[in-house]
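K.L.:
Sequential numbering of the sequence shown, starting at 0, is according to numbering that gives the first Met the number 0. All C-beta atoms, glycine included, are put in the ideal place defined by N, C-alpha and C.
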Amino acid sequence: MTVKPTLLVSKYFDSNIKGYVDKTKGTESFLEEIKQIYGLEKILKFDLGENPEGPSPTLIDELKKFIRNLSLISEYPDSSYLRLREELAKFYGVKLENITVGTGSNELIERISRLWIEQGTKVIFPIPSFYRIEDAILRFGGVPVYIQLKDEENYQWTENTTNELIRTAKETKSKLIWLVTPNNPAGGIIPLEEIQKIIEKNKDCIIIVDEAFGEYIDSYRKPYSAINLIKSGIGNILVTRTFSKIYGLAGLRLGYCVGSNELIKLLERIRMEFAVNAVAEKLAIAALRDQEYIEKIRKKTSQRRKLLENSLDKIEGIKYYPSQTHIMLIKHKSKNLYNYLLKEGILVATMEISGLEGKNYIRITIRNEEENNILINAIKKFFGI
Ligand SMILES: Cc1ncc(COP(=O)(O)O)c(C=O)c1O
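Given below as structure tokens:
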């Protein structure tokens, strides 16, 4: 029996709406199909911003505790995630009431959208940026108001971008401003002073700062994070962060949001009870305590990035954009680079997103030296070098 048309929500079937992501097609079946078509044994994944080193080895001891004591997984987690929030509060020097946790920062993007976006809500969204934010804005009926970062400025943030954003927010009466720093895909940051200017001029807006890659930048902790602005008493800003990237825990699905009591209280009100699992909470606490490991990954990534840049510098027909994180946007002269790499067993991200003109872009993740060399050699082969 087919479902009555009245039961279907028409807005989710409008294929003209840009930004919808087809989540029914997982990567598992895609990779299997590609392996069969090209006769590949394995595919190297440069497409998602995962940490190739995985999480801190100290987590193995934590995991052993779950094996020895199954009650740790047979019981419900603490519904307030007190221990994890205490640990985060201590780490950032904020209060417990300033933190809510979620199943990845994606879930926080959803929750923020559910609370503050309704039909027609204008949301300032500098592009190119993380497509899932645009997807959420659109699904909740919002209208993204784009601020275009420029290729000739390497898709980096400038004072002009701030001025244009402030002007546009006023003209369009936007309610939300969604910033990503370091940005995905080009990896540039928005200086904290620029975020401060934006806040000062937009007291009636909520400013969301996605810092999923925040730990990768050199001055990653206290000097840089917009969490410092919350500590200085600014009420209309939310900062989202995640354990998926440098912490190497993407499969656990754990993220958190820091903000003023008033905003966090609302996000807590619509939080699904027990959504974050007990294993994730325990492992995240252990991961957070091992900052030496985070520092090691940060340094390693920065060295690997320099090596990659040196190799890419030697390839004509390629332009890469200066990144402060573990992903890199590359522009190339041929449309077939993505397909060529796939045939060679290398999966990179296609970049058909708002704000990148043409299709000659790929995004890669910086992996280990051996894998990075395989990628570089494949790109060289493609360009006949
Ligand atoms: C900029 C940015 N924000 C948020 C996320 C979501 O990460 P997660 O839901 O795994 O925390 C990603 C993932 O790729 C990202 O690139």
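Looking at T324 and ligand 1, is the gap between the Cβ and the nearest heavy atom below 6 Å?
P.N.:
Reading the sequence shown from its first residue, position 325 is the one you call residue 324. The answer is no for T324.
K.L.:
Report yes if the C-beta distance between N183 and F129 is below 7 Å; otherwise report no.
P.N.:
Position 184 of the sequence shown, counted from the first residue, corresponds to residue 183. Position 130 of the sequence shown, counted from the first residue, corresponds to residue 129. Yes, Cβ-Cβ distance for N183 and F129 is below 7 Å.
K.L.:
Run the Cβ filter for me: residues under 6 Å from any heavy atom of ligand 1, listed in the order they occur in the chain.
P.N.:
G48, G103, S104, N105, F129, V179, N183, D209, A211, T241, S243, A249, G254
K.L.:
Taking the alpha-carbon of K34 as reference, which of N335, D289, L341 has the nearest alpha-carbon?
P.N.:
For the purposes of this step, residue 34 is identified with residue 35 of the sequence shown, where counting begins at 1. Ranking the options by Cα distance to K34, first place goes to L341.
K.L.:
Beta strand (DSSP E) containing V238: first to last residue?
P.N.:
For the purposes of this step, residue 238 is identified with residue 239 of the sequence shown, where counting begins at 1. Note, V238: beta strand (DSSP E), 236-241.
K.L.:
Within the chosen definition, does the segment 67-79 reach the segment 264-273 through at least 3 CB pairs nearer than 8 Å?
P.N.:
Pairwise C-beta distances place the segment 67-79 in contact with the segment 264-273, as three or more of them are shorter than 8 Å.
K.L.:
By Cβ distance below 8 Å, which residues in the same chain neighbour K299 in space, the five residues on each side in sequence not counted?
P.N.:
Position 300 of the sequence shown, counted from the start, is the residue given in the question as residue 299. Its chain contains E52 as the residues whose beta carbon lies nearer than 8 Å to that of K299, once the 5 sequence neighbours on both sides are disregarded; these appear in chain order.
K.L.:
Any idea which residues DSSP pairs C256 with across the strands?
P.N.:
Indexing the sequence shown from 1 puts residue 256 at position 257. According to DSSP, which records beta bridges pairwise, C256 is partnered with T99, T239.
K.L.:
Determine which residues share a DSSP beta bridge with H331 and list them.
P.N.:
Taking the first residue of the sequence shown as 1, we reach residue 331 at position 332. H331 pairs with I317.
K.L.:
Which residues mark the beginning and the end of the alpha helix (DSSP H) in which F29 is found?
P.N.:
Working through the sequence shown from its first residue, we reach residue 29 at position 30. Taken as a continuous stretch (DSSP letters only), the alpha helix (DSSP H) holding F29 covers 26-37.
K.L.:
For the segment 81-149, list the beta strand (DSSP E) runs that are entirely contained and at least 3 residues long, ordered along the chain.
P.N.:
98-101, 121-126, 142-147
K.L.:
Between which residues of its own chain and E267 is the CB-CB distance below 7 Å, once the five residues before and five after are set aside?
P.N.:
Here residue 267 corresponds to residue number 268 of the sequence shown, with the count starting at 1. Apart from sequence neighbours up to five positions away, the residues of its chain that approach E267 with a beta-carbon distance below 7 Å are T99, ordered along the chain.
K.L.:
Skipping 5 residues on each side, what residues in its chain have a beta carbon closer than 6 Å to that of I226?
P.N.:
Counted from its first residue, the sequence shown places residue 226 at position 227. Taken in chain order, the residues that qualify are Y91, V238, V257.
K.L.:
Quick check on S110: buried or exposed, where buried means 16 or more other Cβ atoms within 10 Å of its Cβ?
P.N.:
Mapped onto the sequence shown, residue 110 falls at position 111. For the record, residue 110 in the displayed sequence is Arg; it is not Ser. That one is buried.
K.L.:
Nearest to T120 by alpha carbon, out of R240, I205, Y292, F382?
P.N.:
In the sequence shown, residue 120 corresponds to position 121, counting from 1. Per the Cα distances, I205.
K.L.:
Quick one: measure Cβ to Cβ for G250 and F242, integer angstroms, because I've assumed they're closer than 8 Å.
P.N.:
Residue mapping note: residue 250 aligns to position 251 of the sequence shown, counting from 1. Residue mapping note: residue 242 aligns to position 243 of the sequence shown, counting from 1. Not quite, the Cβ-Cβ distance comes to about 10 Å (not below 8 Å), so this is no contact.
K.L.:
For V179, tell me which candidate among E199, W156, R362, R166 has the shortest Cα-Cα distance.
P.N.:
Sequence index remark: in the sequence shown, residue 179 carries index 180 (1-based). If we check each option's Cα against that of V179, W156 comes out closest.
K.L.:
Could you give the residue range of the alpha helix (DSSP H) that holds I59?
P.N.:
Sequence index remark: in the sequence shown, residue 59 carries index 60 (1-based). Unbroken alpha helix (DSSP H) run through I59: 58-67.
K.L.:
With 16 other CB atoms within 10 Å as the buried threshold, where does R362 fall?
P.N.:
Here residue 362 corresponds to residue number 363 of the sequence shown, with the count starting at 1. So R362 counts as buried.
K.L.:
Which one of R288, I345, L336 has the shortest CA to CA distance from T57?
P.N.:
Within the sequence shown, residue 57 is the residue found at index 58, counting from 1. Taking the Cα of T57 as reference, the smallest distance to any Cα among R288, I345, L336 is reached at R288.
K.L.:
With a 10 Å radius around its C-beta and 16 neighbouring C-beta atoms as the bar for buried, classify N371 as buried or exposed.
P.N.:
Locating residue 371 in the sequence shown gives position 372, where the first residue counts as 1. By the 10 Å Cβ count, N371 comes out buried.
K.L.:
Note down the Cα distance separating T5 from N276, rounded to an integer number of angstroms.
P.N.:
Here residue 5 refers to the residue found at position 6 when the sequence shown is read from its first residue. Here residue 276 refers to the residue found at position 277 when the sequence shown is read from its first residue. Looking at the two C-alpha atoms, the distance is approximately 36 Å.
K.L.:
Tell me the residue span of the alpha helix (DSSP H) that contains V300.
P.N.:
To locate residue 300, count along the sequence shown from 1; it is residue 301. The residue asked about is misnamed: residue 300 is Thr in this sequence, not Val. Segment 290-312, the alpha helix (DSSP H) holding T300.
K.L.:
Tell me whether V208 sits in a helix, a strand or coil according to DSSP, three-state version.
P.N.:
Here residue 208 is taken as the residue at index 209 of the sequence shown, counted from 1. V208: strand per DSSP, three-state reduction.
K.L.:
Mind checking whether L83 and A283 have CB atoms under 7 Å apart?
P.N.:
Here residue 83 is taken as the residue at index 84 of the sequence shown, counted from 1. Here residue 283 is taken as the residue at index 284 of the sequence shown, counted from 1. Yes; because the gap between Cβ atoms is below 7 Å, this pair is in contact.
K.L.:
Taking the C-alpha atoms as reference points, what is the distance between L311 and K318?
P.N.:
Working through the sequence shown from its first residue, we reach residue 311 at position 312. Working through the sequence shown from its first residue, we reach residue 318 at position 319. When rounded, the distance between both Cα atoms is 8 Å.
K.L.:
By how many angstroms is the C-alpha of R113 removed from the C-alpha of G357?
P.N.:
If you number the sequence shown from 1, residue 357 lands on position 358. If you number the sequence shown from 1, residue 113 lands on position 114. Each residue's alpha carbon lies about 32 Å from the other.
K.L.:
Report all residues from its chain with a CB closer than 8 Å to the CB of E96; omit the five preceding and five following residues, and keep chain order.
P.N.:
The residue you call residue 96 lines up with position 97 of the sequence shown. These residues qualify, in order along the chain: N260, I263, K264.
K.L.:
May I have the straight-line CA-CA distance separating I216 from S231, to the nearest angstrom?
P.N.:
As a working mapping, residue 216 is identified with position 217 in the sequence shown. As a working mapping, residue 231 is identified with position 232 in the sequence shown. Whole-angstrom Cα-Cα distance: 22 Å.
K.L.:
Look at the alpha carbon of A285 and the alpha carbon of P143, and state the distance between them as a whole number of angstroms.
P.N.:
Residue 285 sits at position 286 when you count from the first residue of the sequence shown. Residue 143 sits at position 144 when you count from the first residue of the sequence shown. A direct Cα-Cα distance of roughly 38 Å separates A285 from P143.
K.L.:
If you draw a straight line from the C-alpha of I197 to the C-alpha of T160, how long is it?
P.N.:
Looking up residue 197 in the sequence shown gives position 198. Looking up residue 160 in the sequence shown gives position 161. Those two C-alpha atoms are separated by around 10 Å.
K.L.:
Which stretch, first to last residue, makes up the alpha helix (DSSP H) that contains Y339?
P.N.:
One-based indexing of the sequence shown puts residue 339 at position 340. Element bounds for Y339: 336-342.
K.L.:
Let's see if you can read the secondary structure: which residues bound the beta strand (DSSP E) around L175?
P.N.:
What you label residue 175 is simply residue 176 of the sequence shown in a count that begins at 1. That run of the beta strand (DSSP E) goes 175-179.
K.L.:
Considering only residues of the same chain and omitting the five flanking positions on each side of R220, which have a CB-CB separation below 6 Å?
P.N.:
To locate residue 220, count along the sequence shown from 1; it is residue 221. Residue placement at R220 is poorly supported in this model, since its pLDDT is 49, which falls under 50; the coordinates are not used for a value here.
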